[in-house]
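Trainee: Numbering (the numbering used here), first residue to last: 826 to 968. Just so you know, even glycine gets a beta-carbon here, dropped at the ideal spot from N, CA and C. For clarity, every value in this text was computed on a predicted model and none was experimentally measured. Just dropping this structure here.
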């Protein structure tokens with residue numbers, strides 16, 4: 826699955842993740858989908874998907890998006906910064922309300938999710954990618 830990475834800095838271009846950090850986060854997400862045992866001893870189901878950076882990372886200077894964006898700002902972020910035919914991952918700096926948010930395939934634009942910078946090395950990315958693929962939480966009562 827090709828990935829387009831969007832990294833948000835403040836208005837002055839400060840903060841934000843490096844290319845090495847982005848590549849490491851995608852590697853971690855691939856490990857979560859691969860069925861291997863991670864550093865905490867958890868083994869994940871093997872899913873036949875591999876994520877890779879398809880093009881250059883785009884860096885966006887926007888304090889509005891990178892520091893605790895509202896639901897409407899996340900929606901605008903997805904609409905303003907989207908590359909069709911790829912999983913669009915938006916890396917922000919902080920949020921008081923969430924570790925990540927995703928658009929499901931029927932939402933516009935599809936296959937987009939955001940993840941808070943400090944959640945990039947956790948299962949949050951895999952969790953949000955699952956939502957972008959239209960997977961629900963296991964506790965939502967579906968078979």
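Reducing DSSP to helix, strand and coil, say where residue 925 ends up.
Mentor: Looking at residue 925 - three-state DSSP - the assignment turns out to be strand.
Trainee: In angstroms with no decimal places, state the Cα-to-Cα distance between residue 883 and residue 939.
Mentor: Approximately 14 Å between the Cα atoms of the pair.
Trainee: Using only CA atoms, which one of 922, 896, 914, 837 lies nearest to residue 955?
Mentor: Closest option to residue 955, Cα to Cα, is 914.
Trainee: Would DSSP call residue 883 helix, strand or coil?
Mentor: If DSSP states are grouped into helix, strand and coil, residue 883 belongs with the strands.
Trainee: Helix, strand or coil: how does DSSP classify residue 912 here?
Mentor: Three-state DSSP puts residue 912 in a strand.
Trainee: Measure the Cβ-Cβ separation of residue 828 and residue 842 and say whether it is below 8 Å.
Mentor: Taking 8 Å as the Cβ cut-off, residue 828 and residue 842 do not qualify as a contacting pair.
Trainee: On the DSSP letters alone, give me the boundaries of the beta strand (DSSP E) that residue 938 sits inside.
Mentor: Residues 937-941.
Trainee: So, with DSSP's three-state summary, where would you put residue 872?
Mentor: Correct three-state label for residue 872: coil.
Trainee: Please go through the same chain and pick out, in chain order, the residues whose beta-carbon is closer than 6 Å to the beta-carbon of residue 886, but skip the five residues on each side of it.
Mentor: 834, 836, 838, listed in sequence order.
Trainee: Using a threshold of 8 Å, state whether the C-beta atoms of residue 903 and residue 937 are closer than that.
Mentor: Contact: yes.
Trainee: Is residue 907 helix, strand or coil by DSSP?
Mentor: It is coil, neither helix nor strand.
Trainee: Determine contact between the region 839-859 and the region 925-935, defined as no fewer than three beta-carbon pairs at a distance below 8 Å.
Mentor: Touching, no.
Trainee: Nearest CA to the CA of residue 919: which residue from 941, 858, 960?
Mentor: Measuring from the Cα of residue 919, the nearest candidate turns out to be 941.
Trainee: Buried or exposed: residue 877, going by 16 or more other Cβ atoms within 10 Å of its Cβ?
Mentor: Exposed.
Trainee: Thinking just about the alpha-carbon of each residue, which of 910, 912, 897, 891 is nearest to the one in residue 840?
Mentor: Checked all of 910, 912, 897, 891; the closest Cα to residue 840 is 891.
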